[in-house]
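**Student:**
Chains as they are written, first to last, in the working numbering: chain A, 316 to 561; chain B, 6 to 324.
The structure is reproduced here in structure tokens:
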């Protein structure tokens, strides 16, 4: 436990001592601010029908997805690829910690950073809350949805980072996998056959977020995100154990 | 302390290490010699558990690496070849991190870090970022990190590469000192280093163990001919013929201006015979010395790849 804590702590030090973290944080804030402004403008238009404003913030627009698909690979690309490139992986894997422990610690650190990224958006909720009444449950469910997406996406990024010693390759590969994960559910509309349609529907991340932002916590979505993330983390552990190609 | 048995590592098309066995008793400083690419690093990586062996077994402090990898890892302090550190961490912070992942009890960490910093002479850079340190300091920080949990076994892969001569001397002194309370495997291709630091030497070439013994044994057992160098004020041909007839002389090489290198079989001392010869013939003896076989000779004879290069170099020198 203490070893894992030390690993997580080291990883967080690495995050916050790199300029990349601040670039990502700034870009994310700027971007979210812009989306927030767009949404408030849209809602202020008298022609707009009454609706839950935060539903738009949480996955209701393509902006949300675009940025998420980009930003998570940037957060995760360094995690293992850099250790492999510089050789610090050799130190880590000859210390009495298991591959699984390393992977989990890295995952937790990246997830903490992801949460940190979203933290400032609570301000928007407070601002909106001061102008109109906000139902707290859909907000909480929306954040839960964002957290679950973070778990899934971070696991993907960690896996691709375990496969290469080049950060850029890791990021691009993660982006590709995430685009597939995201768009496979969108094929639902094109699917013929009810079985295929419901299978693709199960994997539809947009619908998942839509449910969450309406305050609907569907355990199927939770199970999908968590189990898939578990699979990717397991694969990352295996990739780390197979170091023969270095 | 360390038992390596029939260790083999097969990469796709060749054996990087084949059938290497050796035993290192507790408290020994073992020199692991070999030309570049001979399999030193691969062997060390298999002992530390970083690379899985194709076959063979490793036991450290009675624990089998395959059965209890974490147990073995916690008993080894390993300094990899190109000391990899986290540049964004401060020295002290890094040492505390290493202590934590090695399982040093929380209450002991501060004391261990202090002790190790003092031992490796990095006290003056404790607060500095690792990325800003010079190569010599980084090497010592790496060494400190391998010591911080007081492992009974130290495995050091070329710890003095890239250091200036003063730093090399300091690191060697430190290794000798560490040898008093640790079992050490030290890989290097610097021969004087081995002679100064190690009580026992293994030579590996092309993945195979070719020699095992004390530096003394290796010098005499494998190096073969010692050499007597003499300079005589005498007719070249006659002197040469006379030297060749001396008992024990196996080959005589003329270096010009009456200077000869006489190879001696079996380590006999030919100086008396040469002196008597000079007296008998009335030649003036200008120089007479015996060169002991060096570990370098052994190394060059046993390691095929470099031996070829050595011969080529000698031919060039003789031409």
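Using N, Cα and C, we set each Cβ at its ideal position, and we do this for glycine too.
Keep in mind the model is a prediction, meaning the values are calculated, not measured.
1) For residue 483/A, which residues of its own chain have a beta-carbon under 8 Å away from its beta-carbon, when the five flanking residues on both sides are left out?
2) Just curious, the alpha helix (DSSP H) that residue 198/B is in, first and last residue?
3) According to DSSP, is residue 133/B part of a helix, a strand, or is it coil?
4) So the candidates are 399/A, 357/A, 419/A; which of them puts its Cα closest to the Cα of residue 550/A?
5) Run down chain A in chain order and give the residues with a C-beta less than 8 Å from the C-beta of residue 93/B.
6) Whole-angstrom Cβ separation of residue 81/B and residue 160/B, contact assumed at under 8 Å?
7) If the cut-off is 9 Å on Cβ atoms, which residues from the stretch 11-43 of chain B count as contacting chain E, listed in chain order?
8) Label residue 347/A either buried or exposed according to how many other C-beta atoms from any shown protein chain fall within 10 Å of its C-beta, with 16 as the threshold for buried.
9) What residues of chain A sit near residue 97/B, judged by a beta carbon separation below 7 Å?
10) Check the C-beta distance from residue 449/A over to residue 438/A and give it rounded, since I have them as a contact under 8 Å.
11) Note down the Cα distance separating residue 379/A from residue 330/A, rounded to an integer number of angstroms.
12) Is the Cβ-Cβ distance between residue 153/B and residue 75/B less than 8 Å?
13) According to DSSP, what are the bridge partners of residue 68/B?
14) According to DSSP, is residue 419/A part of a helix, a strand, or is it coil?
15) So residue 514/A is in the beta strand (DSSP E); what residue range does that whole segment cover?
16) If residue 520/A sits next to residue 505/A, beta carbons under 8 Å apart, how far is it from one beta carbon to the other, in whole angstroms?
17) Can you tell me the Cα-Cα spacing of residue 155/B and residue 45/B, whole angstroms?
18) Going along chain A in order, which residues have a C-beta closer than 7 Å to the C-beta of residue 75/B?
19) Counting along the chain, where does the alpha helix (DSSP H) carrying residue 489/A start and finish?
20) Relative to chain B, which residues along the stretch 387-412 of chain A have a C-beta separation below 7 Å, given in chain order?
21) Mark residue 325/A as exposed unless 16 or more other C-beta atoms lie within 10 angstroms of its C-beta, in which case mark it buried.
22) According to the Cβ coordinates, are residue 361/A and residue 490/A closer than 8 Å?
23) DSSP three-state label for residue 322/A, please.
24) In chain A, which residues lie less than 8 Å from residue 111/B when you measure between Cβ atoms?
25) How long is the line joining the alpha carbons of residue 308/B and residue 64/B, rounded to whole angstroms?
26) Do residue 465/A and residue 430/A have their CB atoms nearer than 8 Å?
27) From the DSSP output, in three-state form, read off residue 359/A for me.
28) Hey, residue 423/A and residue 323/A are a contact pair by Cβ (cut 8 Å); roughly how many whole angstroms apart?
29) Give the interface partners of residue 489/A over in chain B, defined as CB-CB distance under 7 Å, in chain order.
30) Suppose the cutoff is 6 Å on Cβ atoms and the five residues either side in sequence are ignored; what does the same chain contact list for residue 244/B look like?
31) Let me confirm a value: residue 421/A is counted as buried when at least 16 other C-beta atoms fall within 10 Å, else exposed. Which label applies?
32) For residue 163/B, which three-state DSSP category applies?
33) Considering only residues of the stretch 78-140 of chain B, which uninterrupted beta strand (DSSP E) runs meet the minimum length of 3 residues and lie entirely inside it, listed in chain order?
34) Show which residues of chain A have a CB atom less than 7 Å away from the CB atom of residue 54/B.
35) Taking the alpha carbon of residue 86/B as the reference point, which residue from 301/B, 73/B, 130/B, 193/B has its own alpha carbon closest?
36) From the DSSP output, which residues share a beta bridge with residue 236/B?
**Tutor:** This is what the structure holds:
1) Sequence-distant Cβ neighbours of residue 483/A in its own chain, meaning closer than 8 Å and more than five residues away, are 392.
2) The continuous alpha helix (DSSP H) containing residue 198/B extends over residues 196-202.
3) In the structure shown, residue 133/B sits in coil (DSSP, three-state: anything other than H, G, I, E or B).
4) The shortest C-alpha to C-alpha distance from residue 550/A to any of 399/A, 357/A, 419/A is the one to 419/A.
5) Residues of chain A passing the Cβ test: 328, 329, 332, 333.
6) Confirmed, Cβ separation roughly 6 Å.
7) Of the protein chains in the structure, A and B, none is chain E.
8) By the neighbour-count rule (16 or more Cβ atoms within 10 Å), residue 347/A is buried.
9) Under the 7 Å cutoff, chain A gives no residues; its nearest Cβ is about 13 Å from residue 97/B.
10) So it is not a contact: roughly 13 Å between Cβ atoms.
11) Looking at the two C-alpha atoms, the distance is approximately 23 Å.
12) No, the pair does not count as a contact, with Cβ atoms beyond the cut-off.
13) Looking at the DSSP assignment, residue 68/B forms a beta bridge with 65/B.
14) In the structure shown, residue 419/A sits in a helix (DSSP, three-state: H, G or I).
15) Run containing residue 514/A: none in the beta strand (DSSP E); it sits in the alpha helix (DSSP H), 509-517.
16) Contact flag wrong, Cβ pair sits at about 16 Å.
17) Spanning the two alpha carbons is a distance of roughly 24 Å.
18) The contacting residues are 411, 413.
19) In this chain, the alpha helix (DSSP H) harbouring residue 489/A covers 482-499.
20) Look at the stretch 387-412 of chain A: the residues with a C-beta under 7 Å from a C-beta of chain B are 401, 402, 403, 405, 406, 408, 409, 410, 411, 412.
21) Result: buried.
22) Result no, Cβ atoms of residue 361/A and residue 490/A do not sit closer than 8 Å.
23) DSSP places residue 322/A in helix when its eight states are reduced to three.
24) Chain-order list of chain A residues neighbouring residue 111/B: 317, by C-beta distance under 8 Å.
25) Taking the straight line joining both Cα atoms gives about 27 Å.
26) In this structure, residue 430/A lies closer than 8 Å to residue 465/A by Cβ.
27) In the structure shown, residue 359/A sits in a helix (DSSP, three-state: H, G or I).
28) Yes, they are in contact, since the Cβ atoms of residue 423/A and residue 323/A sit about 5 Å apart, within 8 Å.
29) Those do not exist, as residue 489/A stays about 22 Å from chain B at its closest Cβ, beyond 7 Å.
30) Result list for residue 244/B: 237, in chain order.
31) Result: buried.
32) Here residue 163/B sits in coil by DSSP.
33) Those beta strand (DSSP E) runs which fall completely within the stretch 78-140 of chain B and span 3+ residues are 81-84.
34) The contacting residues are 409.
35) Minimum Cα-Cα distance from residue 86/B among the listed residues 301/B, 73/B, 130/B, 193/B corresponds to 193/B.
36) When DSSP reads this structure, residue 236/B sits in a beta bridge with 264/B, 292/B.
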